[in-house]
Amino acid sequence: MTIRIGTLCYVDSSCEASPATRDAVGRIVEVVSAPYEAPDESYLPGTYYDVAFEGWTYFCRSDKLHPISDPGADVGEWQEEALKA
């Protein structure tokens, strides 16, 4: 699954972030980059995204991001389905 730029995501509270990026853990962030592979061997393998939170940009592995909005989604259909449920 590819997360689109501009999507709001919740950063899983189990995310083991470095002290410099810990502020974004457990918060809602905005995805600001296309997906990319781990920068080097010192990172866990996987897909990463750059995310913005309170004026800072952090990186985050995709498995720790939980999309809560999708700019390409048809919100009208979602609301209609939610009302039926």
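Quick note: to get our numbering, add 782 to the position in the sequence shown (first position is 1). All C-beta atoms, glycine included, are put in the ideal place defined by N, C-alpha and C.
### Alpha-carbon to alpha-carbon, Ser-824 and Glu-862
Here residue 862 refers to the residue found at position 80 when the sequence shown is read from its first residue. Here residue 824 refers to the residue found at position 42 when the sequence shown is read from its first residue. Low confidence applies here, because Glu-862 scores a pLDDT of 39, under 50, leaving its location unreliable and the question unanswered by this model.
### Query
DSSP puts Ile-787 in a beta bridge; with which residues?
What you label residue 787 is simply residue 5 of the sequence shown in a count that begins at 1. Paired residue(s): none; Ile-787 is not in a bridge.
### Query
For Thr-829, which beta-bridge partners are listed by DSSP?
Working through the sequence shown from its first residue, we reach residue 829 at position 47. According to DSSP, residue pairing for Thr-829 in a beta bridge involves Glu-819.
#### Entry: Arg-804 - partner residues in DSSP beta bridges
As a first step, residue 804 is located in the sequence shown; it is residue number 22 there, counting from the start. For Arg-804, which the question treats as bridged, DSSP gives no partner whatsoever.
### Task
Mark Arg-804 as exposed unless 16 or more other C-beta atoms lie within 10 angstroms of its C-beta, in which case mark it buried.
Counting from 1 along the sequence shown, the entry for residue 804 is found at position 22. Arg-804 should be labelled exposed.
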